[in-house]
């Protein structure tokens, strides 16, 4: 999978890496069992510090989305999409709050935020649909 | 393990005018530290003290626990150094300069050197003086890293290079980090390079350490508050707040950098202090630099 990072953006680089991997899992571009690019390779590919990649992978592992098997590599977990719902819900509290305060600052109403969410959901559903129609080629997440 | 240790380092070039006025911080093995500060903040002076090229007039600098002034060879064998104004012998051929460095360093890695010569297409037979600025810097980098140093000291290594040459430089540094876990201390004015390479930043200002923090911490726990001019707030009033690091006077507003998350700064300024028209945001490294370098006394 392709990750694009922007230095100088508001989001720290490790968060950009995390977000893109979790988006890929949510959108079905990465599936349970898929192998991720190794930390070393990803650092060289993106030209970012190895520690930054490690931090992103560690955080994703803590969230249960990926798992590193010594000597084999890092894989998307099968439980990536089925973690404890209560805990998952709590994890969304922070981004939800951020979204709402940003909307507030930008003068975007709550109803508009909801319709924005609906639009994005439709988009994601579409993406997932396409993915299930074209079977996974088995090469894992490293077709860069 | 501590690789570099600065304790209360002082240095003045003219008496009474301290470039460094008590700088203390240390670097653990494997850390990548970006040294920031505006021109004249003392970055080069500090790096030269670490390299044993000049003395600290007060305080101490230790590299691998050694004094670089009294044990320069033991230190230099384990360090790689590149600076913007480094001068390689102009009359020597490139392969001559490389051979010279190889003879000085017992741990020289021929394979690494050959790899870099190929990757950068370094012209071995040419004289140094015929090289472009970018090529000369690549030779300097090769000479600095081919002995696989435990510590790399880079003083504005990408200064004057085009973006492609800068990227080559970064890629080489990242490969070294991957392969050898090299400790790096570098100064740079390119904030995007700093964001890619550093995991910690130290910002010098007025001869002292103004900020010393993990980069991600800086990005997530610091904020910029834009406070519209009004009668009940002054630059001094904001600076008096504990978490306020610097205030810059702009035509329309005061720009204040806080060591607090935006929501908490907002609560502090609009809530507790009752200020109107306050906007708080996270801050990118480049903005942070401009606000702090421009906003100090």
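Residue numbers (the numbering used here), protein chains in the order written: chain U, -13 to 130; chain B, 9 to 305. C-beta atoms are modelled at their ideal positions from N, C-alpha and C, and glycine is treated no differently. Since we're looking at a predicted model, the values are computed, not measured.
- Message: Considering only their Cβ atoms, is the gap separating residue 47 of chain U from residue 8 of chain U smaller than 9 Å?
- Response: Position 22 of the first chain holds residue 8 of chain U. Position 61 of the first chain holds residue 47 of chain U. Result no, Cβ atoms of residue 8 of chain U and residue 47 of chain U do not sit closer than 9 Å.
- Bounding residues of the alpha helix (DSSP H) (the contiguous stretch that carries residue 254 of chain B): Position 246 of the second chain, counting from 1, holds the residue named residue 254 of chain B. For residue 254 of chain B, there is no enclosing alpha helix (DSSP H); the residue is part of the beta strand (DSSP E) that begins and ends at 252 to 257.
- Task: Output, in sequence order along the chain, the residues in the stretch -12 to 8 of chain U whose CB is closer than 9 Å to any CB in chain B.
- Result: Residues are counted here when their Cβ sits less than 9 Å from a Cβ of chain B; for the stretch -12 to 8 of chain U these are -9, -8, -7, -6, -5, -4, -3, -2, -1, 0 and 1, given in chain order.
- Message: Tell me the rounded alpha-carbon separation between residue 121 of chain B and residue 109 of chain B.
- Response: As a working note, residue 121 of chain B is residue 113 in the second chain. As a working note, residue 109 of chain B is residue 101 in the second chain. It is roughly 11 Å from the alpha-carbon of residue 121 of chain B to the alpha-carbon of residue 109 of chain B.
- Query: If we ignore side chains and look at the alpha-carbon of each, how far apart do residue 79 of chain B and residue 165 of chain B end up?
  - Reply: Here residue 79 of chain B corresponds to residue number 71 of the second chain, with the count starting at 1. Here residue 165 of chain B corresponds to residue number 157 of the second chain, with the count starting at 1. So the two alpha carbons sit approximately 25 Å from each other.
- Partners in chain U for residue 183 of chain B, counting only beta-carbon separations shorter than 7 Å: Translated into the one-based positions of the second chain, residue 183 of chain B becomes position 175. In chain order: 30.
- Do we get a CB-CB distance below 9 Å when we pair residue 77 of chain B with the residues of chain U? In the second chain, the residue the question calls residue 77 of chain B occupies position 69. So no, residue 77 of chain B is outside the interface.
- Determine, using beta carbons only, whether residue 82 of chain U comes closer than 9 Å to chain B. As a first step, residue 82 of chain U must be located in the first chain, where it is residue number 96. Contacts with chain B at 9 Å (Cβ-Cβ) do not include residue 82 of chain U.
- Identify each residue in the stretch 185 to 202 of chain B for which the Cβ-Cβ distance to at least one residue of chain U is less than 8 Å, and report them in chain order. Listed by position along the chain: 185, 186, 199, 200 and 201.
- Can you give me, in chain order, the residues of the stretch 198 to 229 of chain B that have a beta carbon less than 8 Å from any beta carbon in chain U? Under the 8 Å Cβ criterion, the stretch 198 to 229 of chain B contributes 199, 200, 201, 203, 204, 205, 206, 207, 223, 224, 227 and 228.
- Would you say residue 266 of chain B and residue 233 of chain B are within 9 Å of each other, going by their C-beta atoms? To locate residue 266 of chain B, count along the second chain from 1; it is residue 258. To locate residue 233 of chain B, count along the second chain from 1; it is residue 225. Against a cut-off of 9 Å, the Cβ pair of residue 233 of chain B and residue 266 of chain B comes out as a contact.
- Item | Uninterrupted beta strand (DSSP E) stretches inside the stretch 19 to 76 of chain U (no shorter than 3 residues) | Along the stretch 19 to 76 of chain U, the beta strand (DSSP E) occurs as fully enclosed runs of 3 or more residues at 52 to 55 and 59 to 62, listed in sequence order.
- Query: Which residues in chain B sit within 7 Å of residue 52 of chain U, going by Cβ to Cβ distance?
  - Reply: Looking up residue 52 of chain U in the first chain gives position 66. Going along chain B, no residue has its Cβ under 7 Å from residue 52 of chain U, so there is no contact; the nearest lies around 19 Å.
- Query: Which residues in the same chain as residue 223 of chain B place their Cβ atom closer than 8 Å to its Cβ, once the five residues preceding and following it in sequence are excluded?
  - Reply: Position 215 of the second chain holds residue 223 of chain B. Here the set comprises 42, 202, 203, 206, 207, 208, 209 and 293.
- Item | Buried or exposed (CB count within 10 angstroms, at least 16 for buried), residue 283 of chain B | Taking the second chain and counting its residues from 1, the one referred to as residue 283 of chain B is at position 275. Per the 10 Å Cβ criterion, buried.
- Would you mind telling me which residues of chain U sit closer than 8 Å to residue 40 of chain B, beta carbon to beta carbon, in chain order? If you number the second chain from 1, residue 40 of chain B lands on position 32. In chain order: 35 and 37.
- Item | Residue burial classification, residue 87 of chain B (beta-carbon count within 10 angstroms, cutoff 16) | Walking along the second chain from the start, residue 87 of chain B turns up at place 79. Counting Cβ neighbours within 10 Å, residue 87 of chain B comes out buried, since at least 16 surround it.
- Please classify residue 24 of chain B: does DSSP put it in a helix, a strand, or coil? Working through the second chain from its first residue, we reach residue 24 of chain B at position 16. Looking at residue 24 of chain B - three-state DSSP - the assignment turns out to be coil, as it is neither helix nor strand.
- Item | Minimum C-alpha distance to residue 295 of chain B - residue among B:241, B:199, B:280 and B:243 | As a position in the second chain, residue 295 of chain B is number 287, starting the count at 1. For the options B:241, B:199, B:280 and B:243, the alpha carbon positioned closest to that of residue 295 of chain B is the one of B:199.
- Pull up the distance between the alpha-carbon of residue 44 of chain B and that of residue 24 of chain B, whole angstroms please. Numbered from its first residue, the second chain carries residue 44 of chain B at position 36. Numbered from its first residue, the second chain carries residue 24 of chain B at position 16. Spanning the two alpha carbons is a distance of roughly 24 Å.
- Could you check the C-alpha separation between residue 105 of chain B and residue 151 of chain B for me, to the nearest Å? For the purposes of this step, residue 105 of chain B is taken as residue 97 along the second chain, with counting starting at 1. For the purposes of this step, residue 151 of chain B is taken as residue 143 along the second chain, with counting starting at 1. When rounded, the distance between both Cα atoms is 8 Å.
- Query: Residues of chain U with CB under 8 Å from residue 292 of chain B, in chain order?
  - Reply: Here residue 292 of chain B corresponds to residue number 284 of the second chain, with the count starting at 1. From the beta-carbon of residue 292 of chain B, the residues of chain U found nearer than 8 Å are -6, -5 and -4.
- Reducing DSSP to helix, strand and coil, say where residue 298 of chain B ends up. Start at 1 with the first residue of the second chain, and residue 298 of chain B comes out as number 290. Correct three-state label for residue 298 of chain B: helix.
- Query: Does the beta-carbon distance from residue 163 of chain B to residue 52 of chain B come in below 9 Å?
  - Reply: One-based indexing of the second chain puts residue 163 of chain B at position 155. One-based indexing of the second chain puts residue 52 of chain B at position 44. Remark: C-beta atoms of residue 163 of chain B and residue 52 of chain B approach each other more closely than 9 Å.
- Report the option in B:229, B:50, B:285 and B:298 whose CA atom is closest to the CA atom of residue 17 of chain B. Counted from its first residue, the second chain places residue 17 of chain B at position 9. The option with the nearest alpha carbon to residue 17 of chain B is B:50.
- Got a sec: is the Cβ-Cβ distance from residue 10 of chain B to anything in chain U below 9 Å? Along the second chain, read from residue 1 onward, the residue named residue 10 of chain B stands at position 2. For residue 10 of chain B, the answer is no, since every Cβ of chain U falls outside 9 Å of its Cβ.
- Note down, in chain order, every chain U residue with its Cβ under 9 Å from the Cβ of residue 179 of chain B. Position 171 of the second chain holds residue 179 of chain B. Neighbours of residue 179 of chain B in chain U, taken as residues whose beta carbon is under 9 Å from its own, are 30 and 33 in chain order.
- Would you please verify whether the beta carbon of residue 85 of chain U is less than 9 Å from any beta carbon of chain B? Here residue 85 of chain U corresponds to residue number 99 of the first chain, with the count starting at 1. Residue 85 of chain U does not count as touching chain B.
- Item | Integer-rounded CB distance, given that residue 231 of chain B should sit under 8 Å from residue 288 of chain B | Along the second chain, read from residue 1 onward, the residue named residue 288 of chain B stands at position 280. Along the second chain, read from residue 1 onward, the residue named residue 231 of chain B stands at position 223. Their Cβ separation, rounded to whole angstroms, is 5 Å, which keeps residue 288 of chain B and residue 231 of chain B in contact under 8 Å.
- Query: In whole angstroms, what separates the C-alpha of residue 216 of chain B from that of residue 135 of chain B?
  - Reply: Here residue 216 of chain B refers to the residue found at position 208 of the second chain. Here residue 135 of chain B refers to the residue found at position 127 of the second chain. About 42 Å.
- Task: For residue 68 of chain B, collect the residues of the same chain with a Cβ closer than 6 Å to its Cβ; drop the 5 residues on either side in sequence, then sort them by chain order.
- Result: Locating residue 68 of chain B in the second chain gives position 60, counting from the first residue. Result list for residue 68 of chain B: 15, in chain order.
- Message: Just verifying my parser: in three-state terms, what is the DSSP assignment at residue 90 of chain U?
- Response: Position 104 of the first chain, counted from the first residue, corresponds to residue 90 of chain U. Residue 90 of chain U falls in the helix class under three-state DSSP.
- Query: When you compare only the Cα positions, how much space is there between residue 85 of chain B and residue 60 of chain B?
  - Reply: By one-based count along the second chain, residue 85 of chain B stands at place 77. By one-based count along the second chain, residue 60 of chain B stands at place 52. Looking at the backbone, the Cα of residue 85 of chain B and that of residue 60 of chain B are separated by about 13 Å.
- Between which two residues does the beta strand (DSSP E) harbouring residue 82 of chain B extend? As a working note, residue 82 of chain B is residue 74 in the second chain. Element bounds for residue 82 of chain B: not the beta strand (DSSP E) but the alpha helix (DSSP H), 80 to 84.
- Name the chain B residues that come within less than 8 Å of residue 26 of chain U, Cβ to Cβ? Translated into positions along the first chain, residue 26 of chain U becomes position 40. The contact set of residue 26 of chain U on chain B, defined by CB atoms closer than 8 Å, consists of 186 in chain order.
- Spatial neighbours of residue 285 of chain B in its chain, beta-carbon cut-off 6 Å, leaving aside the 5 residues before and after: As a position in the second chain, residue 285 of chain B is number 277, starting the count at 1. Hits under 6 Å: 236.
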